[in-house]
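> This is the structure I have questions about; it appears just below.
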Amino acid sequence: MKVMKWVTVFSGLLMSAVASAQVSNFSFQDIYGKQHQFSEYKGKWVIVNYWSPQCGPCLSEIPALKQVAAQYRNNVVVLGMDAGETPNAELRRFIRQKGINYTVVPTQDSTMFALGLIYGVPTTYIVSPQGQVIDTHMGAVTVDQLKGYFNRGASMLSDKDTQKPCTGNLC
Numbered sequence: 001m002k003v004m005k006w007v008t009v010f011s012g013l014l015m016s017a018v019a020s021a022q023v024s025n026f027s028f029q030d031i032y033g034k035q036h037q038f039s040e041y042k043g044k045w046v047i048v049n050y051w052s053p054q055c056g057p058c059l060s061e062i063p064a065l066k067q068v069a070a071q072y073r074n075n076v077v078v079l080g081m082d083a084g085e086t087p088n089a090e091l092r093r094f095i096r097q098k099g100i101n102y103t104v105v106p107t108q109d110s111t112m113f114a115l116g117l118i119y120g121v122p123t124t125y126i127v128s129p130q131g132q133v134i135d136t137h138m139g140a141v142t143v144d145q146l147k148g149y150f151n152r153g154a155s156m157l158s159d160k161d162t163q164k165p166c167t168g169n170l171c
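Residues in the sequence shown are numbered consecutively from 1, following the UniProt record's numbering.
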């Protein structure tokens, strides 16, 4: 029991150390072969969700990710990073079946640890429009939690770090 307590404390410290870290640019290819650079998303909130189609909690959060991707498409980018090494054909079928409306990225070396260590799925990184990881969430996320990250993240960023004011119903 003491070991689990220390693991929990240590994990919390690691996660808090990730908060406010600047994301280094990295390249990746989406499920359809299109090349992306993480720097393309500067100026928008980015939700980087590590998941697997074989993970129950991952499946339960898909509707929330779809809703945020649709509702805030001008201000938020959702990236679904497969962490289960799922074959591309299976991923494409899954995307069609679930009606996923955000970018899905198959497992690749450039993405697996681009934002930090992943201790399990689902793990979601919230990246500010300025390119800083403002928080990490382990477990399934909800729409309200994601909106809360946007609001809290906007207030966490100091005036000197904010290049433009946060507007709209995200902050």
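Ideal Cβ positions, reconstructed from N, Cα and C, are used throughout, including at glycine.
(1) Tell me whether S27 sits in a helix, a strand or coil according to DSSP, three-state version.
(2) So for Y149, helix, strand or coil by DSSP?
(3) Under the rule that 16 or more other beta-carbon atoms within 10 Å means buried, what is G33, buried or exposed?
(4) DSSP has residue 174 in a bridge; who is on the other side?
(5) Relative to the C-alpha of F28, which candidate in Q71, P87 and V105 has its C-alpha closest?
(6) Looking at the strands, I want to know which residues DSSP matches up with Y125.
(7) Rounded to the nearest angstrom, what separates S39 and G56 at their Cα positions?
(8) Along the chain, where does the alpha helix (DSSP H) containing Q67 start, and where does it finish?
(9) Between V77 and the rest of its own chain, which residues show a CB-CB distance below 6 Å, the 5 nearest in sequence each way excluded?
(10) Do G84 and V121 come within 9 Å of each other at the CB atom, strictly closer than that value?
(11) Any idea what DSSP makes of Q97, helix, strand or coil?
Here's the rundown:
(1) strand
(2) helix
(3) exposed
(4) Residue numbering for the chain in the displayed model covers 1 to 171; residue 174 lies beyond these limits and cannot be assessed.
(5) V105
(6) V48 and T136
(7) 31 Å
(8) G56 to Q71
(9) Y41, K44 and V46
(10) yes
(11) helix
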